[in-house]
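Visitor: Take a look at the following structure, please.
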Amino acid sequence: MGIRRKARIIALQALYEVDLVGHDADEILARLLEDDPLTDGGSAFVRELAGGVLTNRRRIDSIIQTYAPAWPVAQLAVIDRNILRLAIFEMLIDNKVPVRVAINEAIELAKMFGSDNSPKFINGVLGSVSAKSGGERR
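Heads up: the sequence shown runs through residues 232 to 369, numbered per the numbering used here.
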């Protein structure tokens, strides 16, 4: 598994814990990175992803609500909600990876951590976000 995928997994784990129980993000990230050390670049990527999602959470949740109106954000499965947040951050705010990469990574996370229906749901929402927000950037 590549460093960036491992970094996304750690960022997702941190976001999940923050969302579920409200622990301090910096403490969670320090613990997770101690348990599963990454290169300096990988650790920086984890912090960039998690921090970016947390900083932009309201904006991202509004985007989720727009493209998945049948599912109130608060009622989404915690893991699905945070996979979507992570991917939408990468797609629309961070703009450092191609949209298709962000979507594919989100689907892989959904396969690893979500329910049987998660990959299809994640793909559908992110496909709509991509199509209505200008599609592929790169």
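Beta carbons: idealized from backbone N, C-alpha and C, even for Gly.
For a minimum of 4 consecutive residues, which ranges assigned as the alpha helix (DSSP H) are wholly contained in the region 302-356?
Guide: Taking only runs of at least 4 residues, the alpha helix (DSSP H) segments lying wholly in the region 302-356 are 309-319, 330-344.
Visitor: So is Gly272 buried or exposed if we call it buried at 16+ other beta carbons inside 10 Å?
Guide: Label assigned to Gly272: exposed.
Visitor: So the candidates are Ala337, Asp311, Arg262; which of them puts its Cα closest to the Cα of Met322?
Guide: If we check each option's Cα against that of Met322, Ala337 comes out closest.
Visitor: When the distance is taken between beta carbons, is Leu246 closer than 8 Å to Ala275?
Guide: No.
Visitor: According to DSSP, simplified to helix, strand and coil, what is Thr270?
Guide: Coil, per DSSP.
Visitor: Rounded to whole angstroms, what's the CA-CA distance from Arg239 to Val328? Just pull it up for me.
Guide: Rounded to whole angstroms, Arg239 to Val328 spans 13 Å at the Cα level.
Visitor: For Leu269 versus Leu317, is the C-beta distance shorter than 8 Å?
Guide: The answer is no: Cβ separation not under 8 Å.
Visitor: Got a sec, what are the start and stop residues for the alpha helix (DSSP H) Ser293 sits in?
Guide: 288-298 is the extent of the alpha helix (DSSP H) around Ser293.
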